[in-house]
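Scroll down for the structure; my scribbles are underneath it.
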Amino acid sequence: MMIIRYALFAIISTVVNILFQYFSFIIYDGFLSLYTAMFVGTLAGLVLKYILDKKYIFFHTPKSKKDDGKKFLLYSLMGVLTTFIFWGFEIGFDYMYEDENAKYIGAVVGLSIGYVVKYFLDKKFVFKG
1 MMIIRYALFA IISTVVNILF QYFSFIIYDG FLSLYTAMFV GTLAGLVLKY ILDKKYIFFH
61 TPKSKKDDGK KFLLYSLMGV LTTFIFWGFE IGFDYMYEDE NAKYIGAVVG LSIGYVVKYF
121 LDKKFVFKG
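By the count of full-length UniProt numbering, the sequence shown reaches residue 129 at its end, each step adding exactly one.
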């Protein structure tokens, strides 16, 4: 059941990430717009995924706001590697294919790989015990 929940949350977070990227392109489509959109999408997906993982995957109840802040920071740091995976695929697909939607396909592939890696990092380093 936990695997299904985690997969569902990964899908929801991926959709939120892609939607925020899409809206970012509507607002700004100039110089470095891909990187701006990836940053905006990453931030939106990160916050949502943290809330869902903390509560429904790892069943963590923070002792205080400070504890929650520390967990979020550590959770975010564990996401650095997985973000490079995700961004690498998105940039790679955008570069390799002329189709406007290629970047989104790359994002989905990269996020899928990244979320699997992130689960094990979070289990071992963030929500251990």
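Virtual Cβ for every residue (Gly too), placed ideally from N, Cα, C.
Apart from the five residues on each side of it in sequence, which residues of its chain come closer than 7 Å, Cβ to Cβ, to residue i?
i	result
residue 127	58 and 60
residue 119	6
residue 90	38, 103, 106, 107 and 110
Got a sec? Which residues, its chain only, sit under 6 Å from residue i by beta carbon, not counting five neighbours each side?
i	result
residue 124	none
Mark residue i as exposed unless 16 or more other C-beta atoms lie within 10 angstroms of its C-beta, in which case mark it buried.
i	result
residue 63	exposed
residue 17	buried
residue 81	exposed
residue 15	exposed
residue 85	buried
residue 65	exposed
Looking at the unbroken alpha helix (DSSP H) that takes in residue i, where does it start and where does it end?
i	result
residue 101	Element bounds for residue 101: n/a, residue is neither H nor E.
residue 55	Careful: residue 55 lies outside any alpha helix (DSSP H) and carries neither H nor E.
residue 2	2-27
Skipping 5 residues on each side, what residues in its chain have a beta carbon closer than 8 Å to that of residue i?
i	result
residue 24	33, 36, 37, 40 and 41
residue 10	49, 111, 112 and 115
Of the residues the options, which one's Cα is nearest the Cα of residue i?
i	options	result
residue 20	1, 43 and 66	43
residue 122	88, 78 and 99	78
residue 2	99, 87, 52 and 70	52
residue 8	56, 26, 30 and 47	56
residue 45	68, 13, 29 and 28	13
For the stretch 25-39 against the stretch 86-103, are there 3 or more C-beta pairs whose distance is under 8 Å? By the Cβ test, the stretch 25-39 is in contact with the stretch 86-103, since at least three Cβ pairs between them sit closer than 8 Å.
Touch test, the stretch 64-74 against the stretch 101-110, Cβ-Cβ under 8 Å, three pairs minimum: No: fewer than three Cβ pairs fall under 8 Å.
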